[in-house]
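Line by line, the protein sequences are chains F and G. So for the first sequence, this note's numbering puts the first residue at 1; every next one is plus one. So for the second sequence, this note's numbering puts the first residue at 1; every next one is plus one. Note that the Cβ used here is the ideal one computed from N, Cα and C, for glycine as well.
There are 2 protein chains.
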Amino acid sequence: MRNILLTLKYDGTNYHGWQIQENAVTVQQVLADAIEKITKQKIMPTGCSRTDSGVHANMFCCNFKSDITLPDKEIIKALNGNLPFDVVVTDCMTVNDDFHARYDCKSKEYIYRIVASPVRNPFLENYAIHYKYPLNIDDMNYAAKQLIGTHDFSAFCSVGSNVQSTERQIFNAEFSKKDDLVTFSIEGDGFLYNMVRIIVGTMLYVSQGKIKKEDIHNIILSKNRENAGPTAPAKALFLNKVNY
Amino acid sequence: MRNILLTLKYDGTNYHGWQIQENAVTVQQVLADAIEKITKQKIMPTGCSRTDSGVHANMFCCNFKSDITLPDKEIIKALNGNLPFDVVVTDCMTVNDDFHARYDCKSKEYIYRIVASPVRNPFLENYAIHYKYPLNIDDMNYAAKQLIGTHDFSAFCSVGSNVQSTERQIFNAEFSKKDDLVTFSIEGDGFLYNMVRIIVGTMLYVSQGKIKKEDIHNIILSKNRENAGPTAPAKALFLNKVNY
Numbered sequence: 001m002r003n004i005l006l007t008l009k010y011d012g013t014n015y016h017g018w019q020i021q022e023n024a025v026t027v028q029q030v031l032a033d034a035i036e037k038i039t040k041q042k043i044m045p046t047g048c049s050r051t052d053s054g055v056h057a058n059m060f061c062c063n064f065k066s067d068i069t070l071p072d073k074e075i076i077k078a079l080n081g082n083l084p085f086d087v088v089v090t091d092c093m094t095v096n097d098d099f100h101a102r103y104d105c106k107s108k109e110y111i112y113r114i115v116a117s118p119v120r121n122p123f124l125e126n127y128a129i130h131y132k133y134p135l136n137i138d139d140m141n142y143a144a145k146q147l148i149g150t151h152d153f154s155a156f157c158s159v160g161s162n163v164q165s166t167e168r169q170i171f172n173a174e175f176s177k178k179d180d181l182v183t184f185s186i187e188g189d190g191f192l193y194n195m196v197r198i199i200v201g202t203m204l205y206v207s208q209g210k211i212k213k214e215d216i217h218n219i220i221l222s223k224n225r226e227n228a229g230p231t232a233p234a235k236a237l238f239l240n241k242v243n244y
Numbered sequence: 001m002r003n004i005l006l007t008l009k010y011d012g013t014n015y016h017g018w019q020i021q022e023n024a025v026t027v028q029q030v031l032a033d034a035i036e037k038i039t040k041q042k043i044m045p046t047g048c049s050r051t052d053s054g055v056h057a058n059m060f061c062c063n064f065k066s067d068i069t070l071p072d073k074e075i076i077k078a079l080n081g082n083l084p085f086d087v088v089v090t091d092c093m094t095v096n097d098d099f100h101a102r103y104d105c106k107s108k109e110y111i112y113r114i115v116a117s118p119v120r121n122p123f124l125e126n127y128a129i130h131y132k133y134p135l136n137i138d139d140m141n142y143a144a145k146q147l148i149g150t151h152d153f154s155a156f157c158s159v160g161s162n163v164q165s166t167e168r169q170i171f172n173a174e175f176s177k178k179d180d181l182v183t184f185s186i187e188g189d190g191f192l193y194n195m196v197r198i199i200v201g202t203m204l205y206v207s208q209g210k211i212k213k214e215d216i217h218n219i220i221l222s223k224n225r226e227n228a229g230p231t232a233p234a235k236a237l238f239l240n241k242v243n244y
């Protein structure tokens, strides 16, 4: 039995996230369908994380076990021949038996994109939010730095998740700007439900002066979701990198 | 009466090009509808060029005459408030009475994008063509250089156009590559019907060895459409810059 690690890239616009569910099209489902086409077996791939409805992935990893005999490179072609245009397998490797796409993940990087301009960018309608007013990047970066380190991020977690620990380590969190496009990058050993989107919503409140840039520490310590900002829209969020 | 010059950006995926026509949605039509909303007059804007169905514009210019009293900046907001998400007015200026968006255009730049990779890029499905095999950029650039200058480009013009002259001046034509994305840029004083797409199709034939890289001169001189390559798909073409 081979343990096969796939790397994907997908446009999440038309999907209800990664995780399979009834009455909705998900990335896990269309990938399982493609795997069934080439292996003739019903096999559910294990993802590195769940992504929400509308969230995209520049890089997403998953693994599945199969006795398929095709070489790795041929698996890429065979799966891509059976996947819709918006989900693409970019790499395939046969890995150790005990490799697990979720548990073995050392860190993930997400990016969140904001078109900061009086006018919209029609090409980024499904891939960024539009923010009409000037953004105070310096204040947002001052605030974002306070996220770095190991903290209980309950204040940045949507109600309804049931994880064992709400402690996560953030390695890096930073806004950068190129022309009209502001990109927030955040890397951590893991993320709670909606955590990146709540962080972005909080940082936009910092830019607007609704939350003081010095207050992120206190919001973390409060462990109270009500003290953080709103959950920013999903469509601008990309899982950007997965490290093992 | 003011003469108003608008600069647009649009995603052409959902449009049958710029030019108004019956039974099809065009950019000119949705813009005319928005102009009517704010001026209460039926006014047809004059475009800098026609773009084909599915072709995009990072920059497109058009002008219209109206006695509207709104300041230029307010016209941008008012029009954007009445346009669909995929057509955006990025600038507005009141110009001389005799300014004409098409006749006064000194040069235009188009770009054409090619994902040159064994796997597709799901995010560029409507904005680039996918080319699975290695591209010979050096040969294509050697061929493209022969386009520069003033020539009769009949060989690179689709049948069915009725222009007075088929002579055009090309200032620059070059392929560049960044990671998997190959971009062809071409600037000229004007372009014949499907000219850029036929040039790209011809350059792909050069890369494949189906047309010799030295033969572009002869193809131009032949004035025979049959000697050039096929017309490349519309979705990867962008009007990128318009100079007055």
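Going by DSSP, G/Gln-169 is part of the beta strand (DSSP E) stretching over 167 to 178.
The criterion of a C-beta distance shorter than 8 Å is satisfied by F/Phe-184 and F/Tyr-112. Per DSSP, the continuous beta strand (DSSP E) segment holding F/Ala-57 begins and ends at 56 to 66. Nearest CB-CB separation between F/Val-119 and chain G: below the 8 Å threshold. If you check the CB distance, F/Val-119 and G/Thr-39 do not come in under 8 Å. Between the region 52 to 62 of chain G and the region 7 to 15 of chain G there are three or more C-beta pairs closer than 8 Å, enough to call the two in contact. Ranked by Cα distance from G/His-130, the first of F/Gly-12, F/Val-88, F/Leu-239 is F/Val-88.
By the Cβ-count criterion, G/Arg-168 is buried, with 16 or more other Cβ atoms from all chains shown falling within 10 Å of its own Cβ.
Beta-bridge analysis with DSSP links F/Cys-92 to F/Leu-6. Scanning its chain for C-beta atoms nearer than 6 Å, with the 5 sequence neighbours on each side dropped, one finds around F/Ile-170 the residues Leu-147, Ile-148, Gly-188, in chain order.
Cβ-Cβ distances below 6 Å link F/Gly-190 to Arg-168 in the same chain, with the five nearest sequence neighbours on each side left out; the list follows chain order. For G/His-217, the enclosing alpha helix (DSSP H) has its first and last residue at 216 to 222.
The beta carbons of G/Ala-143 and G/Lys-213 sit about 5 Å from each other, so the pair counts as a contact at 8 Å. According to the DSSP assignment, F/Val-27 belongs to the alpha helix (DSSP H) that extends over 27 to 39. About 21 Å separates the Cβ atoms of G/Ser-154 and G/Lys-210, ruling out a contact at the 8 Å cut-off. Under the three-state reduction of DSSP output, G/Ser-207 falls in the helix class. For F/Ala-116, the enclosing beta strand (DSSP E) stretches over residues 107 to 116. Among the CB atoms of chain F, none fall inside 8 Å of the CB of G/Asn-82. Contacts with chain G at 8 Å (Cβ-Cβ) do not include F/Thr-26. Of all residues in the region 78 to 104 of chain F, those with a C-beta nearer than 8 Å to a C-beta of chain G are Asn-80, Phe-85, Asp-86, Val-87, Val-88, Val-89, Thr-90, reading in chain order. Each of F/Asn-3, F/Asn-14, F/Ile-4, F/Tyr-244 was checked against the Cα of G/Phe-123, and the nearest Cα belongs to F/Asn-14. Near chain F, meaning a CB-to-CB distance below 9 Å, no residue of the region 206 to 236 of chain G qualifies. At least one CB of chain F lies nearer than 8 Å to the CB of G/Phe-123. If you compare the alpha carbons of F/Cys-157, F/Thr-150, F/Asn-141 with that of F/Phe-175, the shortest gap goes to F/Asn-141. Distance from the Cα of F/Thr-26 is smallest, within the candidate group F/Lys-42, F/Thr-51, F/Glu-36, F/Asn-3, for F/Thr-51. Going by beta carbons, G/Ile-43 and G/Gln-29 fall outside the 8 Å limit.
In the DSSP assignment, G/Leu-237 falls outside any alpha helix (DSSP H) and within the unbroken beta strand (DSSP E) covering 237 to 243.
Interface residue (Cβ-Cβ distance to chain G less than 8 Å): F/Asp-11 is classified as such.
With respect to chain G, the C-beta atom of F/Ile-76 has a partner C-beta closer than 8 Å. Distance from the CA of G/Asp-179 to the CA of F/Thr-150, rounded to the nearest whole angstrom, comes to 35 Å. Sequence-distant Cβ neighbours of G/Asn-136 in its own chain, meaning closer than 6 Å and more than five residues away, are Ser-207.
At the C-beta level, G/Ala-101 and G/Cys-62 come within 8 Å of one another. When only Cα atoms are considered, F/Pro-71 and F/Cys-92 end up about 9 Å apart.
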